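Residues in the sequence shown are numbered consecutively from 359, following the numbering used here.
The beta carbon of each residue, even a glycine, is placed where N, CA and C say it ideally should be.
Being a predicted model, the structure only gives us computed values, none of them experimental.
Reviewing the structure listed below.
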Amino acid sequence: MAQPPYDPYGYGAQDPYAQSYSQPPAVQHHYYGQSMPVAPPTNGMATASLVCGLIGFFACGVTSVLAVIFGHVSLGQIKRTGEGGHGMAVTGLILGYLISAGWLIILLFYILGIAMFAASAGSTSTY
359 MAQPPYDPYG YGAQDPYAQS YSQPPAVQHH YYGQSMPVAP PTNGMATASL
409 VCGLIGFFAC GVTSVLAVIF GHVSLGQIKR TGEGGHGMAV TGLILGYLIS
459 AGWLIILLFY ILGIAMFAAS AGSTSTY
C-alpha cells in the first residue's frame, strides 16, 4: 500500500500556502487602435535621379545628364500621381546641373590649355 507524501506541518490537503497554478485570463481590449498612416510610394525616377547625380562626378558627368532628365520627368510624375520622392528628385536635379556645369568648365579649361600650348609651341622658332 502506498503512503501519502510526508507532510511535516500537518496541513494535509488544505495547505493555506499552496499556490494556484492557474493563470488569470488575458486582458482583452475592446477597442481598435489607430492605424499607422501609409506613406505614399517613392517615385522610381526620383531615386534614379538621385543615384545618377551622386555617381555623376565619378562618371565624368555622363550620368549627371541622366540625373537632370530623370529629375524633370519624376517631378512631373510626382505632381500628377502624388507619389513621394520630391526631395530626391530636386537633389538629383541640383547635383546633375552642378556636376554637368563643373565638368563643362573643366573640359573648357582643358581645351583652352591645349590650344594655348599649341599656339605657344608653334610661334617659337629655334633658328
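Cβ separation of residue i and residue j, assumed to be a contact under 8 Å, to the nearest whole Å
i: GLY454; j: GLY414; result: 6 Å
i: GLY486; j: TRP461; result: Nothing about residue 486 can be reported from this structure: the residues present for the chain run from 359 to 485 only.
i: GLY429; j: ALA447; result: 5 Å
i: ALA425; j: GLY450; result: 5 Å
Other residues of its chain near residue i: CB distance less than 6 Å, five sequence neighbours each side excluded
i: ASN401; result: SER432, GLN435, ILE436, GLU441, GLY443
C-beta atoms of residue i and residue j nearer than 8 Å
i: ILE457; j: SER422; result: yes
Nonlocal neighbours in the same chain, by C-beta distance under 7 Å from residue i, ignoring five residues either side
i: PRO399; result: GLU441, GLY442
Residues of its chain near residue i, where Cβ-Cβ distance is below 8 Å and the 5 sequence neighbours each way are ignored
i: THR405; result: GLY443, MET446
key: Secondary structure, beta strand (DSSP E): runs of 3+ residues fully inside the stretch 407 to 432   = none
inquiry  = As an exercise, report each continuous alpha helix (DSSP H) stretch of at least 4 residues that is fully enclosed by the stretch 435 to 484, in chain order.
reply    = 444 to 481
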